[in-house]
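Taking the UniProt record's numbering, the leading residue of the sequence shown gets 1, the next gets one more, and so forth.
Heads up, the beta-carbon is just placed ideally off N, CA and C, and yes, glycines get one too.
Below: the structure, in structure tokens.
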Amino acid sequence: MTQNSTASPDVLVIGGGLVGSAVAYGLAREGARVTVLDEDDGGFRASRGNFGLVWIQGKGYGLSPYARWSRSSAQRWPLLAQSLVDEARVDVALRQPGGFHICFSDEELAERHKRLSTLQAEIGDYPFELLNHSELRERLPGIGPAVVGASYTPMDGHVNPLKLLRALHVAMQRRGVRLVSGERAERIAAGPGGFSVQGRRGVYHAARVVLAAGLGNRALAPHVGLNAPVAPNRGQVLVSERVEPFLRYPTINVRQTDEGTVQFGDSMEEAGFNDFTTTPILRQIAARGVRAFPMLAHVRLVRMWAALRVYSPDGFPIYDQSEAHPGAFVVTCHSGVTLAAAHALRIAPWITGGPMPAELPAFSARRFATDAAAEPILAH
Ligand SMILES: Cc1cc2nc3c(=O)[nH]c(=O)nc-3n(C[C@H](O)[C@H](O)[C@H](O)COP(=O)(O)OP(=O)(O)OC[C@H]3O[C@@H](n4cnc5c(N)ncnc54)[C@H](O)[C@@H]3O)c2cc1C
1 MTQNSTASPD VLVIGGGLVG SAVAYGLARE GARVTVLDED DGGFRASRGN
51 FGLVWIQGKG YGLSPYARWS RSSAQRWPLL AQSLVDEARV DVALRQPGGF
101 HICFSDEELA ERHKRLSTLQ AEIGDYPFEL LNHSELRERL PGIGPAVVGA
151 SYTPMDGHVN PLKLLRALHV AMQRRGVRLV SGERAERIAA GPGGFSVQGR
201 RGVYHAARVV LAAGLGNRAL APHVGLNAPV APNRGQVLVS ERVEPFLRYP
251 TINVRQTDEG TVQFGDSMEE AGFNDFTTTP ILRQIAARGV RAFPMLAHVR
301 LVRMWAALRV YSPDGFPIYD QSEAHPGAFV VTCHSGVTLA AAHALRIAPW
351 ITGGPMPAEL PAFSARRFAT DAAAEPILAH
């Protein structure tokens, strides 16, 4: 890839959320010249509204390459976080002490056992523990009487997701990536020399193009012979005032951030493109958090929001290169925080011409052509 030419970039990335930015940063690490086109705040932006977990446990039930893929990302996260400190001077507050999935019924705990033991049998190296109430209380002293137990794996963690987005933007630009904000890609045409992207403000050319536009991928993919049947799934989140440190570990629904606030999450709702909050759902989220940690009944809530996840029909990522137009790629998933390290350090080298990571064939959208009735398998 040419590093110093003033002509077109080697790669155009459409979308500057967590997925596009991680890929663009990784491409720049590979020496590629990259331009990122990112629509303005009027677009849907999951990267600015998520829960911040780097979460592995339970993922890949029904598609074990996803378990391996997620794990490989978690293992590369320390390298990504350190690189972002070195290059962007931003500490994204990565903590990977392991995480708890808190259960409120025996049935829920049994379901955790089934899911995690199946994954362990398939993956091999997949440590987990199931804890009853008193065992859990020794690790998380604040849990309430309604908690029956929890599953724990040492593989899980969390970060500050807004610092992550900021760090990726700074680091990629320091490596020469051009970020064109407020530019919406309208059309993509494939030609002999590569791809032309018609934006609202101009036309952009490159030998390769990466669709990383979140929910925007659905409309863009057919322009280059790709398929990205993603749809919105709404999540609502609450955040409290800062409180004394009380929770060293992330849990699936409650976590204390590096800044001391407590996040309560997060619903999973089919609400179309409606990204408004609703009081009944927020009430449920708060009540679940207080059942888990009764002391939280006394903290003040300071903010709430809703954002739209980018969901494929089975909940797993879509990674493809176009057969009709090689050089056009789609990269989309619903766990863009967890997978940021895999996107920067494994997907980007593939896009620049390196070997395809072994897990990737499982994530082609061709699976939807033969499995149109796939039931969603929702894993956080
Ligand atoms: C409530 C909630 C909680 C979540 N919790 C977690 C979690 O704990 N851990 C985790 O790993 N993940 C979590 N996620 C998922 C995570 O936030 C997403 O996977 C990730 O943000 C997706 O990033 P993205 O870049 O694909 O999409 P987006 O953030 O939506 O970014 C897409 C970008 O593309 C731009 N765009 C769209 N169309 C065009 C176009 N035509 N031209 C130019 N630009 C365009 C948009 O403006 C946007 O900036 C959560 C999501 C939600 C909503």
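In terms of residues, what are the limits of the beta strand (DSSP E) holding residue i?
i, result
"V85", "Note, V85: premise wrong, no beta strand (DSSP E); alpha helix (DSSP H) at 64-88."
"Y311", "301-311"
"G191", "185-191"
"Q236", "231-240"
"N132", "129-132"
"A221", "Counting along the chain, A221 falls outside any beta strand (DSSP E), and DSSP gives it neither H nor E."
"D320", "318-321"
"F264", "262-264"
"R178", "178-181"
"V147", "First-last for V147: undefined, no H or E at that position."
"L211", "208-211"
Return the CA-CA distance between residue i and residue j, expressed in angstroms with no decimal places.
i, j, result
"A93", "G26", "20 Å"
"A297", "N160", "24 Å"
"A287", "V262", "14 Å"
"M60", "R112", "For the sequence presented, residue 60 should be read as Gly rather than Met. One C-alpha to the other measures close to 13 Å."
"R248", "L119", "26 Å"
"E122", "M155", "16 Å"
"G226", "I188", "Rather than Gly, the amino acid found at residue 226 in this sequence is Leu. Between L226 and I188, the C-alpha separation is close to 12 Å."
"A206", "S322", "15 Å"
"A74", "T153", "12 Å"
"T278", "V13", "34 Å"
"D314", "L162", "27 Å"
"A150", "R200", "50 Å"
"G208", "G194", "The question names Gly, but residue 208 in the sequence shown is Arg. When rounded, the distance between both Cα atoms is 6 Å."
"I318", "L109", "30 Å"
"residue 381", "M295", "Within the shown structure, residues of the chain are numbered from 1 to 380, placing residue 381 beyond reach of any answer."
"V147", "R255", "16 Å"
"E241", "G260", "8 Å"
"F293", "V224", "49 Å"
"I281", "L301", "15 Å"
"L130", "F368", "35 Å"
"R218", "H133", "44 Å"
"G265", "L238", "7 Å"
"Q96", "D41", "31 Å"
"G62", "N233", "20 Å"
"R309", "A231", "8 Å"
"I56", "R366", "25 Å"
"A358", "V243", "44 Å"
"A212", "N253", "27 Å"
"F104", "A362", "34 Å"
I'd like the span of the alpha helix (DSSP H) that includes residue i, first residue to last.
i, result
"W350", "348-351"
"A121", "106-123"
"L37", "Counting along the chain, L37 falls outside any alpha helix (DSSP H), though it belongs to the beta strand (DSSP E) covering 34-38."
Looking at the structure shown, is residue i part of a helix, part of a strand, or coil, going by DSSP?
i, result
"P29", "Per the sequence presented here, residue 29 reads as Arg, with Pro not at that position. Residue state, collapsed to three classes: helix."
"I14", "strand"
"D371", "Low per-residue confidence applies at D371: pLDDT is 45, beneath 50, and the placement is therefore not dependable, though the value from the model is reported in the following sentence. It is coil, neither helix nor strand."
"I285", "helix"
"S21", "helix"
"A328", "strand"
"V203", "strand"
"F100", "strand"
"A171", "helix"
"T153", "strand"
"L194", "The sequence as given places Gly at residue 194; Leu does not occur at that position. The answer is strand: DSSP assigns G194 an E or B state."
"V290", "helix"
"T278", "coil"
"R137", "helix"
"L53", "strand"
"L345", "helix"
"P361", "helix"
"R48", "helix"
"H334", "coil"
"R95", "strand"
"R255", "strand"
"L165", "helix"
"L247", "coil"
"H380", "In this predicted model, H380 has a pLDDT of only 45, less than 50, meaning its place in the structure is not dependable; the value taken from the coordinates is given anyway. H380 falls in the coil class under three-state DSSP."
Between residue i and residue j, which are expected to be in contact by the criterion C-beta below 8 Å, what is the C-beta distance as a whole number of angstroms?
i, j, result
"I347", "V337", "So it is not a contact: roughly 15 Å between Cβ atoms."
"A307", "G214", "With a Cβ gap of about 10 Å, A307 and G214 do not count as contacting."
"A324", "L80", "The Cβ separation is near 33 Å, so there is no contact."
"R291", "G52", "Not really, about 22 Å apart at Cβ, beyond 8 Å."
"residue 410", "D38", "The chain is shown from 1 up to 380; residue 410 falls before or after that span and cannot be answered."
"A88", "A190", "The pair is not a contact, with the Cβ atoms about 34 Å apart (cut-off 8 Å)."
"A28", "R178", "In fact, because the Cβ distance is near 10 Å, the residues do not count as touching under 8 Å."
"A22", "A271", "So it is not a contact: roughly 27 Å between Cβ atoms."
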